[in-house]
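Line order of the protein sequences matches chains D and B.
Under the numbering used here, think of the first position of the first sequence as 1, with each following residue one higher.
Under the numbering used here, think of the first position of the second sequence as 1001, with each following residue one higher.
Let me begin by presenting the structure, written as structure tokens, before commenting on it.
Protein chains: 2
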Amino acid sequence: MKYLKKLRNSGLRPTKQRLQICEVLFDTEKTFHFTINDLVKKINKQSNNKISLATVYNTVHAFEKKGYLKQIPINSSQTYFDTNISDHHHFYDLKEEKLIDLDNSDIGPINILKKISGKKIKSVEVLVKLED
Amino acid sequence: MKYLKKLRNSGLRPTKQRLQICEVLFDTEKTFHFTINDLVKKINKQSNNKISLATVYNTVHAFEKKGYLKQIPINSSQTYFDTNISDHHHFYDLKEEKLIDLDNSDIGPINILKKISGKKIKSVEVLVKLED
DNA sequence: TTGTACTTTATAATGATTCTAAAAAGGAGT
DNA sequence: ACTCCTTTTTAGAATCATTATAAAGTACAA
């Protein structure tokens, strides 16, 4: 089992549900963006074992906390997640309502000049909205 | 009336409610960030005329559409708005759950190298998350 | 195998936002 | 001011993503 160790190492018991979700999320050529709703559809398409909605929420949040997923800051009624956890940014196509990755190399270096005392920068996220 | 013309010019009837909301939002020295909930509290503090929640939602969205307010892309259960409509960015203090403005001058120039054919850039928004 | 802590699950609860449709108010023309 | 028509407000219901609950199931160390 490919993800057994990964889960154990992060202190998450490798349950059937978590392993199946790992496959759907990480057994792909390319990384992708998804909502919980998208993910549930993918799970149901992949096999007949339905996983409870609550478990999908729990698992996604557990994975995010462990750093296996990133939340994408965007104003939408649903929360978007990204299986691409590298340091990168996003285009958001307003018409199609779709996210597109924007690699760090596709953007000039970002230099935050202002400092807030007592605080350090955890992440810098750029959202570029696109229109026709 | 200070905001009568502003509203008329944008094709919004200057109702009592809209004028009052204008005062709360725009009659301030400094710009600020708020949620609908924050705004309702401010309105109720300022006067005894309660404005219906639905009207607050309608008005804020109308103002946003006219460009008098900006939505701030951030993952939160509530939507954040900004009365500062100039081109700028935000710090988000994860611990305090508070937004701090980051002027364009506080950040190096951002140069998006990747182009998406048929689309043009509408906005570039940077969110800098802060931790202790 | 047994005990215990962790997980899953169905379902209920929550809470922000949107919808509805009836009443109220703005505004142009008279 | 009066009328008419459109826009706006409103209370309450509806929606919908997400979180909470608590009972049943499972992993795993001893």
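Note that beta-carbon positions come from the ideal geometry of N, C-alpha and C, so glycine has one too.
Excluding five sequence positions before and after valine 1128 of chain B, the CB atoms of its chain that fall closer than 6 Å to its own CB belong to Phe1091, given in chain order.
In the same chain as leucine 94 of chain D, and ignoring 5 residues on each side of it, the C-beta atoms closer than 7 Å to its own belong to Lys129, Leu130, Glu131, in chain order. For phenylalanine 1063 of chain B, there are no C-beta contacts with chain D under 9 Å, since the nearest C-beta of that chain is about 16 Å from it.
The continuous beta strand (DSSP E) containing tyrosine 80 of chain D extends over residues 80-82. Scanning chain B for C-beta atoms nearer than 8 Å to the C-beta of threonine 79 of chain D yields Asn1075, reported in chain order.
Note on arginine 18 of chain D: 16 or more other CB atoms within 10 angstroms of its CB, so buried under the neighbour-count rule. Under DSSP, valine 1060 of chain B takes part in no beta bridge, so it has no partner.
Close CB contacts of arginine 8 of chain D within its chain, under the 8 Å cut and outside five residues either way in sequence, are with Pro14 (chain order). With a threshold of 9 Å between beta carbons, asparagine 9 of chain D makes no contact with chain B. Rounded to whole angstroms, asparagine 1049 of chain B and lysine 1042 of chain B show a C-alpha spacing of 12 Å.
Between isoleucine 100 of chain D and the set D:Thr55, D:Tyr80, D:Ile121, the nearest pair of CA atoms involves D:Tyr80.
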